[in-house]
Amino acid sequence: MASSENVRVILRVRPQTSKEAERGEDEVIRCISDQSIQVYDPTQVRGGRASTALAYQFEQCFGPTCMQDELFSRCGVKTLLDHVLDGYSATVIAYGPTGSGKTFSIAGKPDSIVRNGTGDGTDGLVIRSIESLFDKIRERQRDGLQFKVRTSCVEIHNDAVIDLLRSSRKQKGCETLPVKFDTARGSFFVQDLSYGKCPSEEEILRLYMKSLRNRSVAAHEMNRDSSRSHALFTVYVDSMVRQDSGHIVTRHGKMTFVDLAGSERLKDSKSEGSTLRETGSINRSLFTLGKVISSLCDRKKVKVPFRDSKLTQLLMDSIGGSSMTLMIACVSPSSGHINESMRTLDYANKAKNIKNKPVVLLDPEQNMVEALKKEIEALRAENRALKNALNSGDVESARQLAMSAPEEFFKRYAMGERQQSAPRPATQSSLPTVIERRSASTGRVRGGRREEEEEEEERAKYAGRKKDIFLPHVNVRQRSPPSSPEPQRPTKSAWEEATRSSAGKPRALQHERIVRPPSKTRGARRAGGGGGGVGGGGLISEGMQPQRGQEKSRREQEALRDLERLTKFSYFDTSPSRRGGG
Numbered sequence: 001m002a003s004s005e006n007v008r009v010i011l012r013v014r015p016q017t018s019k020e021a022e023r024g025e026d027e028v029i030r031c032i033s034d035q036s037i038q039v040y041d042p043t044q045v046r047g048g049r050a051s052t053a054l055a056y057q058f059e060q061c062f063g064p065t066c067m068q069d070e071l072f073s074r075c076g077v078k079t080l081l082d083h084v085l086d087g088y089s090a091t092v093i094a095y096g097p098t099g100s101g102k103t104f105s106i107a108g109k110p111d112s113i114v115r116n117g118t119g120d121g122t123d124g125l126v127i128r129s130i131e132s133l134f135d136k137i138r139e140r141q142r143d144g145l146q147f148k149v150r151t152s153c154v155e156i157h158n159d160a161v162i163d164l165l166r167s168s169r170k171q172k173g174c175e176t177l178p179v180k181f182d183t184a185r186g187s188f189f190v191q192d193l194s195y196g197k198c199p200s201e202e203e204i205l206r207l208y209m210k211s212l213r214n215r216s217v218a219a220h221e222m223n224r225d226s227s228r229s230h231a232l233f234t235v236y237v238d239s240m241v242r243q244d245s246g247h248i249v250t251r252h253g254k255m256t257f258v259d260l261a262g263s264e265r266l267k268d269s270k271s272e273g274s275t276l277r278e279t280g281s282i283n284r285s286l287f288t289l290g291k292v293i294s295s296l297c298d299r300k301k302v303k304v305p306f307r308d309s310k311l312t313q314l315l316m317d318s319i320g321g322s323s324m325t326l327m328i329a330c331v332s333p334s335s336g337h338i339n340e341s342m343r344t345l346d347y348a349n350k351a352k353n354i355k356n357k358p359v360v361l362l363d364p365e366q367n368m369v370e371a372l373k374k375e376i377e378a379l380r381a382e383n384r385a386l387k388n389a390l391n392s393g394d395v396e397s398a399r400q401l402a403m404s405a406p407e408e409f410f411k412r413y414a415m416g417e418r419q420q421s422a423p424r425p426a427t428q429s430s431l432p433t434v435i436e437r438r439s440a441s442t443g444r445v446r447g448g449r450r451e452e453e454e455e456e457e458e459r460a461k462y463a464g465r466k467k468d469i470f471l472p473h474v475n476v477r478q479r480s481p482p483s484s485p486e487p488q489r490p491t492k493s494a495w496e497e498a499t500r501s502s503a504g505k506p507r508a509l510q511h512e513r514i515v516r517p518p519s520k521t522r523g524a525r526r527a528g529g530g531g532g533g534v535g536g537g538g539l540i541s542e543g544m545q546p547q548r549g550q551e552k553s554r555r556e557q558e559a560l561r562d563l564e565r566l567t568k569f570s571y572f573d574t575s576p577s578r579r580g581g582g
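Oh and the sequence shown: position 137 is 137 in the UniProt record's numbering, straight run, nothing missing.
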């Protein structure tokens, strides 16, 4: 099974009705092959000048002469049923305008099914799929496999979810169910939904007929039995498989049949009252579905409006999710419905570009086990690749593998996309890049040749500046890297020793460490008025405080001038808030 696959789209063109023939409408949509159709301009068809046409290609195209059994055998539903038994999720969606044959393709003739049961040649995909599903289950049970089948059916009527296995369309004030989001699976679900156990084929068909009786239908000018809601009939298949290790793994496959209500124009349907309100709700939900399809096909990363309607919420898993989806686009060949047919063809042409990522549905604990197995395999593969790269001397390749994300590495390694270029010999300058250690906060390299090179670059950067302002070891108001320990505060005697003049020049100009005086000195300075010292900077101890009226020596004046220049440098805190004279 591929990691992703496109939504499969097939087209079905229904036969022209007697009313359309009586109105003199022309057939403007014609199947020219099994995979392509042509749409002609109605004005040119009537005049016999149909020289130009629009062409569409789909996976399968079925013309007006297609029967129900041919549709079932060629549309690919049988393949989806095999995947459902293997634990995958599959969806069949009938999309198109009202009166285009959606319900007939999915269910057949509902009235005939309810009255006469199954076995008719008009049976739709649901009944034929149920019969085929139980045949496949009986074949696999011979191999010792066990299966449990359940079913559910809901309709979305006026953007409200109704359980068709519990409520009837004739029942007033029927209960509506909320739609919640499952964070574990990443999809929406219907809360408090009822599930019917189906140990036999007859039981599931009985429940399906019950849901058909409870579904909302109405008559208008365009369709005598128009569906007034979207219906979702789901078959759940739980399969118990014994692995080679002896453990039993439960897979939860499901098959969902979606019969969408058809879009219609009010001036054509002439709906009134409740039917008018239903038409507005149907058109809004289908418009939202069209926006979802357009957003998923857009190359730009835009927000997909799944939450805008209940229909798109429940179809989130089927369109762009983890399900295998088959869309049946149903259209009318008559020229009177050309606008609705063209809109359906455009959306179907976009939908075939949507990519899904099918996955096997397992229990949460089994999902965790499978995820851990994949992670272990990824780490083993990464370890082998790193060893091979280091043994061959391809240090740069090993560094790229180590810095890449594990899932990206495993994807490239599993697909066999490793670079086949010849290994490059390791040089002395490239070897430290493999064993370098970087600080988590500053990103600087710790230890090794790289740190020495950075220090040389820093010295060269300040080489052209004056010597009296180049203080690489000054630590006053200078932030040190988080990894380096803070220096200990010197005592008063050490401060006096650091500021004492020597050989005619202050020791501050000999690149010695200058630190802030102890708190006792600063307290004494504030007690004296805060204005003493050079510029109020507070960098001179009590022993060097000049006394008013006392003559200073020449060396002391030079030292004070030098320190005054240092206080103007950005390493020192010269803000007014720190000055004594504030």
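By construction, the Cβ of each residue, glycine as well, lies at the ideal position given by its N, Cα and C atoms.
Please say whether Ser335 and Glu5 have beta carbons closer to each other than 8 Å?
-> The sequence position of residue 5 within the sequence shown is 5, counting from 1. The sequence position of residue 335 within the sequence shown is 335, counting from 1. Going by C-beta atoms, Glu5 is not nearer than 8 Å to Ser335.
Measure how close the beta-carbons of Thr256 and Leu232 come, nearest whole angstrom, since I'm counting them as under 8 Å.
-> Residue mapping note: residue 256 aligns to position 256 of the sequence shown, counting from 1. Residue mapping note: residue 232 aligns to position 232 of the sequence shown, counting from 1. Thr256 to Leu232, Cβ: 6 Å. Contact.
What is the DSSP secondary structure of Ala231, counted as helix, strand or coil?
-> Working through the sequence shown from its first residue, we reach residue 231 at position 231. Here Ala231 sits in strand by DSSP.
Which of helix, strand or coil does DSSP assign to Pro42?
-> Translated into the one-based positions of the sequence shown, residue 42 becomes position 42. Three-state result, Pro42: helix.
Selected residue, minimal CA-CA separation from Gln191, among Arg142, Lys310 and Arg213 = Along the sequence shown, read from residue 1 onward, the residue named residue 191 stands at position 191. Here the closest residue by C-alpha is Lys310.
Do you know how far the Cα of Lys355 is from the Cα of Val179?
-> One-based indexing of the sequence shown puts residue 179 at position 179. One-based indexing of the sequence shown puts residue 355 at position 355. Taking the straight line joining both Cα atoms gives about 25 Å.
Cα-Cα separation between Leu164 and Asn214, rounded to whole angstroms = What you label residue 164 is simply residue 164 of the sequence shown in a count that begins at 1. What you label residue 214 is simply residue 214 of the sequence shown in a count that begins at 1. If I take the Cα positions, the gap works out to 6 Å.
What do you get for His247, buried or exposed, if any count of 16 or more other CB atoms within 10 angstroms of its CB means buried?
-> Start at 1 with the first residue of the sequence shown, and residue 247 comes out as number 247. So His247 ends up on the exposed side.
Buried or exposed by the 16-neighbour rule on C-beta atoms within 10 Å, applied to Gly582 | The sequence position of residue 582 within the sequence shown is 582, counting from 1. Only weak support exists for where Gly582 lies, its pLDDT of 37 falling under 50; the coordinates are left without a value.
Ile319 and Ile204: beta carbons closer than 8 Å?
-> Your numbering for residue 319 matches position 319 in the sequence shown. Your numbering for residue 204 matches position 204 in the sequence shown. Contact flag unset, no.
Any idea if Val161 is buried or exposed, counting beta-carbon neighbours within 10 angstroms, 16 or more meaning buried?
-> Numbered from its first residue, the sequence shown carries residue 161 at position 161. The residue is buried, with at least 16 neighbouring Cβ atoms inside 10 Å.
Distance between Arg251 and Ser3 (C-alpha atoms, nearest Å) = Here residue 3 refers to the residue found at position 3 when the sequence shown is read from its first residue. Here residue 251 refers to the residue found at position 251 when the sequence shown is read from its first residue. About 18 Å.
Going by DSSP, name the residue or residues bridged to Pro97.
-> Your numbering for residue 97 matches position 97 in the sequence shown. Paired residue(s): Ser263.
Per DSSP, the bridge partner or partners of Ser89 = Here the question's residue 89 lines up with position 89 in the sequence shown. DSSP, once it has assigned bridges, lists Lys254 as partnering Ser89.
Identify every residue that forms a DSSP beta bridge with Tyr236.
-> Residue numbering aside, residue 236 sits at position 236 when the sequence shown is read from its first letter. In DSSP, Tyr236 forms a bridge with Arg150 and Lys254.
Within the same chain, show all residues whose beta-carbon is closer than 8 Å to that of Thr288, passing over the 5 residues directly before and after it, in chain order.
-> Position 288 of the sequence shown, counted from the start, is the residue given in the question as residue 288. If we look at Thr288 and ignore the five residues flanking it on each side, its Cβ neighbours are Pro305, Asp308, Ser309, Leu311 and Thr312.
Sorted by chain position, which residues of the same chain lie with C-beta nearer than 7 Å to Arg242's C-beta, five sequence neighbours on each side aside?
-> Locating residue 242 in the sequence shown gives position 242, where the first residue counts as 1. Closer than 7 Å at Cβ, skipping near neighbours: Ile248.
What is the DSSP secondary structure of Tyr195, reduced to helix, strand or coil?
-> The residue you call residue 195 lines up with position 195 of the sequence shown. Coil.
Would you be able to state if there are at least three C-beta pairs under 8 Å between the region 84-96 and the region 321-328?
-> yes
Where does the unbroken beta strand (DSSP E) through Leu54 begin, and where does it stop?
-> Translated into the one-based positions of the sequence shown, residue 54 becomes position 54. Residues Ala53 to Gln57.
Out of Ser211, Arg142, His230 and Val7, point me to the one whose CA is closest to Glu59's CA.
-> Position 59 of the sequence shown, counted from the start, is the residue given in the question as residue 59. Among Ser211, Arg142, His230 and Val7, the Cα nearest to that of Glu59 is on Val7.
Between which two residues does the beta strand (DSSP E) containing Leu325 stretch?
-> In the sequence shown, counting from the first residue as 1, residue 325 sits at position 325. Here residue 325 turns out to be Thr, not Leu, going by the sequence shown. Looking at the DSSP string, the run of the beta strand (DSSP E) that includes Thr325 is Met324 to Val331.
Counting pairs of Cβ atoms below 8 Å between the region 182-198 and the region 140-154, do you hit three or more?
-> yes
Hey, could you find the ends of the alpha helix (DSSP H) Asp69 is sitting in?
-> Numbered from its first residue, the sequence shown carries residue 69 at position 69. Note, Asp69: alpha helix (DSSP H), Gln68 to Arg74.
Beta-carbon proximity list for Phe181, same chain, < 6 Å, skipping 5 on both sides | Position 181 of the sequence shown holds residue 181. These residues qualify, in order along the chain: Phe188.
Who are Ala160's beta bridge partners in DSSP?
-> Sequence index remark: in the sequence shown, residue 160 carries index 160 (1-based). Partner(s): His157.
Name the DSSP beta bridge partners of Ser187, please?
-> Position 187 of the sequence shown, counted from the start, is the residue given in the question as residue 187. Ser187 pairs with Asp182.
What's the call for Asp123, buried or exposed, on a 16-neighbour Cβ count within 10 Å?
-> If you number the sequence shown from 1, residue 123 lands on position 123. With 16 or more other Cβ atoms within 10 Å, it is buried.
Length of the line joining the Cα atoms of Ile282 and Leu314 = Position 282 of the sequence shown, counting from 1, holds the residue named residue 282. Position 314 of the sequence shown, counting from 1, holds the residue named residue 314. Going from the Cα of Ile282 to the Cα of Leu314 covers about 15 Å.
Determine the closest residue to Lys19 out of Ser200, Phe104, Glu139 and His337, with distance taken between C-alpha atoms.
-> Position 19 of the sequence shown, counted from the first residue, corresponds to residue 19. Checked all of Ser200, Phe104, Glu139 and His337; the closest Cα to Lys19 is His337.
For Ser36, count neighbouring Cβ atoms within 10 angstroms of its own Cβ and tell me buried if that reaches 16, exposed if not.
-> Here residue 36 refers to the residue found at position 36 when the sequence shown is read from its first residue. Ser36 comes out exposed.
Whole-angstrom distance between Glu556 and Gly543, CA atom to CA atom | Sequence index remark: in the sequence shown, residue 543 carries index 543 (1-based). Sequence index remark: in the sequence shown, residue 556 carries index 556 (1-based). Low per-residue confidence applies at Gly543: pLDDT is 44, beneath 50, and the placement is therefore not dependable, though the value from the model is reported in the following sentence. Spanning the two alpha carbons is a distance of roughly 12 Å.
Limits of the beta strand (DSSP E) - the one that Gly29 falls within = If you number the sequence shown from 1, residue 29 lands on position 29. The displayed chain sequence assigns Ile, not Gly, to residue 29. Taken as a continuous stretch (DSSP letters only), the beta strand (DSSP E) holding Ile29 covers Ile29 to Cys31.
For Ile127, the nearest candidate out of Asp143, Phe104 and Arg138 (CA to CA) = Here residue 127 refers to the residue found at position 127 of the sequence shown. Of Asp143, Phe104 and Arg138, the residue nearest in Cα terms is Phe104.
Roughly how far, in whole angstroms, is the beta-carbon of Leu361 from the beta-carbon of Gly87, given that I think they are within contact range, below 8 Å?
-> As a working note, residue 361 is residue 361 in the sequence shown. As a working note, residue 87 is residue 87 in the sequence shown. Going by Cβ atoms, the distance from Leu361 to Gly87 rounds to 6 Å, so yes, they are a contact pair.
Thinking C-alpha only, which one of Lys357, Glu278 and Asn353 is nearest Asp317?
-> Locating residue 317 in the sequence shown gives position 317, where the first residue counts as 1. The shortest Cα separation from Asp317 among Lys357, Glu278 and Asn353 belongs to Lys357.
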